[in-house]
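Residue numbers (my numbering): -12 to 142. Since the structure comes first, as structure tokens, the remarks are kept for the end.
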């Protein structure tokens, strides 16, 4: 089994598209996905191919890949979690996927940095913790901590 074919089949299994969304491979994300896997762990793509090969015959169709992905998730949960994480992150930054999200009428900031996501002003009633653990201090009530003693102990 060729590594690139296994990666494309896996991303299309995880993100097959539909209802206005493209299949993962149609976005052209495969090369970026493979590059990110190698950057995270040089052996990640090779481990994927090995894990699929260990299941027996390589899947031949979408249903076979779906079953292989389910077995991979059961047998190699950490490997599968890494693969899924990088697949989803890469897919949702592709221009075709962003266009599909925006076509739904959803405001989608494809590059949140350096501007960041739009933030609503803090409202005590809405934003204060309700779980009764911890607490928050209003900015105006924050007091500086004297670090002089700590600095002298370090010196």
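Don't be surprised by glycine CBs; every beta carbon is placed ideally from N, CA and C.
Classification of residue i by the beta-carbon crowding that lies within 10 angstroms, buried from 16 upward
{"i": "residue 2", "result": "buried"}
{"i": "residue 56", "result": "buried"}
{"i": "residue 52", "result": "buried"}
{"i": "residue -6", "result": "buried"}
{"i": "residue 81", "result": "buried"}
{"i": "residue 78", "result": "buried"}
{"i": "residue 84", "result": "buried"}
{"i": "residue 20", "result": "buried"}
{"i": "residue 134", "result": "exposed"}
{"i": "residue 143", "result": "Shown here, the chain extends from -12 to 142; a query on residue 143 therefore has no answer."}
{"i": "residue 108", "result": "exposed"}
First through last residue of the alpha helix (DSSP H) which encompasses residue i
{"i": "residue 77", "result": "64 to 78"}
{"i": "residue 114", "result": "111 to 114"}
{"i": "residue 136", "result": "135 to 141"}
{"i": "residue 23", "result": "17 to 27"}
{"i": "residue 35", "result": "31 to 40"}
{"i": "residue 124", "result": "First-last for residue 124: undefined, no H or E at that position."}
{"i": "residue 86", "result": "82 to 90"}
Counterpart residues of residue i in DSSP-defined beta bridges
{"i": "residue 5", "result": "8"}
Residue i vs residue j beta-carbon contact at 8 angstroms
{"i": "residue 5", "j": "residue 90", "result": "no"}
{"i": "residue 76", "j": "residue 35", "result": "no"}
{"i": "residue -2", "j": "residue 11", "result": "yes"}
{"i": "residue 68", "j": "residue 38", "result": "no"}
{"i": "residue 58", "j": "residue 42", "result": "yes"}
Own chain residues within Cβ distance below 8 angstroms of residue i, not counting five before or after
{"i": "residue -9", "result": "17 and 21"}
Close-in-space but distant-in-sequence residues of the same chain around residue i (CB under 7 angstroms, 5 per side omitted)
{"i": "residue 23", "result": "73 and 77"}
Close-in-space but distant-in-sequence residues of the same chain around residue i (CB under 6 angstroms, 5 per side omitted)
{"i": "residue -4", "result": "52"}
{"i": "residue 87", "result": "7 and 8"}
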